[in-house]
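**Student:** In the numbering used here, the protein residues as written are 1004 to 1319. Below is one structure. I have some questions about it.
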Amino acid sequence: MSAVADGVPCELLNWSVARAAGVEIFVRRDDLLPAWGQGNKFYKLYYNLQALPSDAVCVSFGGPYSNHLHALALVAQKMCVHSVGIVRGYAGKSLTPTLADAQAAGMQLVFVSRRDYARYSAPQVDAGRHAWCQDKIGIRDRPLHIIPEGGANAEGLCGAQVLAERILAQPIVGPGRALHALWLAVGTGTTLAGLVNGIGGDARVQQVVGVPVIGPHPEQGYHPLSESIKDRCGINSRWRLETGFSLGGYAKTTPEYLAFLQDFYRETGVQLDHVYTGKLFWALRSGLISGSIERGTRLLAMHTGGLQGLRGLQGQ
Ligand SMILES: Cc1ncc(COP(=O)(O)O)c(C=O)c1O
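Right, here's the structure in full:
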């Protein structure tokens, strides 16, 4: 991937809450790209798929509405790579729209127990994972490239670093136009860590702020994701987590939050998903109303896609 401005729109958000707070919010619209290249996923997958031998099989993990598996299926199809999605605890049920799309794109789906999933899907490599995958998938004569859940590996980190270069090449971050902060939703923290590494000491983006979508309300500001992010981009003032906005955990919602997503779409024309980008703007709303995001702040929020996952909400 070359580090040129990529033409992804960075639009000034027309949102009354931001106007009232005197804060300028731009939104990077990676959600507007074609389905196979949408959001942050393409960046995390690119280096995983780019240098594979032609007979290799790319294997990864996700839940029944996983954005990651959905994206992997589409990108792998585009790059003519055979992909396998190992799905958490969904055996015997009819396919969700997400899994049906993945299968239609050529992904082989393998359903496993929640216990096995928890053991083998994490970034920390389990010594028996390769053999377990061979066994589950039924492929022994081809090389397997195994990507942990959410694309949280070294290749994913490198891809997210390229995303930083693309942001720095955008006209909204030109000379004398520094951003006080770059905000994004955080799942595994890979995108955040890659962005922090890619921005490095460039003063045009002063801080990267992540809104975790997992985990309970943390005590004393500590969040379990902090450790794994620190391991990948160090401890420094160039990033922080804005915690307390997961609404109790992954994909959790409340009636007030769902009403917010609808109002936001109606007012700004920007559709959010309930799992990631909705939580990001939910946190921003809180900061704007409380004044913790100061008047005069200029920030960029990442629309990292994930709109396909809204079909999970409709299914509830
Ligand atoms: C739409 C969307 N936004 C943000 C994220 C968070 O990315 P990361 O896991 O790199 O923190 C994800 C998950 O990959 C996602 O699907």
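Beta carbons: idealized from backbone N, C-alpha and C, even for Gly.
Taking 7 angstroms as the cut-off, does the CB of Tyr1279 come closer than this to any heavy atom belonging to ligand 1?
**Tutor:** yes
**Student:** Hey, Ile1320 and Ala1286 are a contact pair by Cβ (cut 8 angstroms); roughly how many whole angstroms apart?
**Tutor:** An answer regarding residue 1320 cannot be provided, because it is not within the stretch 1004 to 1319 covered by the chain.
**Student:** Leaving out five residues on either side along the sequence, give the residues of the same chain with a beta carbon under 7 angstroms from the beta carbon of Pro1126.
**Tutor:** Pro1151, Ala1155, Asn1156, listed in sequence order.
**Student:** Identify the residues that DSSP records as bridge partners of Ala1184: which are they?
**Tutor:** Leu1302
**Student:** Taking the alpha-carbon of Gly1159 as reference, which of Gln1265, Gln1209, Lys1044 has the nearest alpha-carbon?
**Tutor:** Minimum Cα distance to Gly1159 is reached at Lys1044.
**Student:** Around the C-beta of Pro1227, are 16 or more other C-beta atoms found within 10 angstroms, so that it is buried, or is it exposed?
**Tutor:** exposed
**Student:** Comparing the CB of His1226 with every heavy atom of ligand 3, is any distance shorter than 7 angstroms?
**Tutor:** Absence of ligand 3 from the depicted structure is noted, with ligand 1 being the only ligands included.
**Student:** Does the structure place the segment 1039 to 1053 close enough to the segment 1066 to 1078 that three or more beta carbon pairs sit under 8 angstroms?
**Tutor:** yes
**Student:** If you check the beta carbons only, do His1183 and Thr1300 fall under 8 angstroms apart?
**Tutor:** Yes, the pair counts as a contact, with Cβ atoms nearer than the cut-off.
**Student:** For ligand 1, is there any heavy atom lying closer than 7 angstroms to the beta carbon of Asn1200?
**Tutor:** No, Cβ of Asn1200 sits at least 7 angstroms from all heavy atoms of ligand 1.
**Student:** Cα separation between Tyr1260 and Leu1185?
**Tutor:** 23 angstroms
**Student:** Quickly, what does DSSP pair Ser1086 with across the bridge? List them, please.
**Tutor:** Paired residues: Cys1061.
**Student:** Output the boundary residues of the alpha helix (DSSP H) element that contains Glu1259.
**Tutor:** Per DSSP, the continuous alpha helix (DSSP H) segment holding Glu1259 begins and ends at 1258 to 1271.
**Student:** According to DSSP, Cys1161 sits in a beta bridge with which residue or residues?
**Tutor:** BP columns for Cys1161 are empty, so no partner.
**Student:** Excluding five sequence neighbours on each side, which residues of the same chain lie with their C-beta closer than 7 angstroms to the C-beta of Ser1005?
**Tutor:** Only weak support exists for where Ser1005 lies, its pLDDT of 42 falling under 50; the coordinates are left without a value.
**Student:** Just curious, the beta strand (DSSP E) that Leu1112 is in, first and last residue?
**Tutor:** Looking at the DSSP string, the run of the beta strand (DSSP E) that includes Leu1112 is 1111 to 1115.
**Student:** Taking Ser1249 and Val1216 to be in contact with their CB atoms under 8 angstroms, please state how far apart those CB atoms are, rounded to whole angstroms.
**Tutor:** 5 angstroms
**Student:** Evaluate the contact criterion for the segment 1093 to 1107 versus the segment 1119 to 1135: three or more CB pairs, one atom per stretch, below 8 angstroms.
**Tutor:** no
**Student:** Does the beta-carbon of Arg1169 have 16 or more other beta-carbons within 10 angstroms, so that it is buried, or is it exposed?
**Tutor:** By the neighbour-count rule (16 or more Cβ atoms within 10 Å), Arg1169 is buried.
**Student:** In whole angstroms, what is the alpha-carbon distance linking Val1113 and Asn1051?
**Tutor:** Answer to the nearest angstrom: the Cα atoms are 20 angstroms apart.
**Student:** Name the two residues that bound the continuous beta strand (DSSP E) containing Arg1243.
**Tutor:** 1242 to 1244
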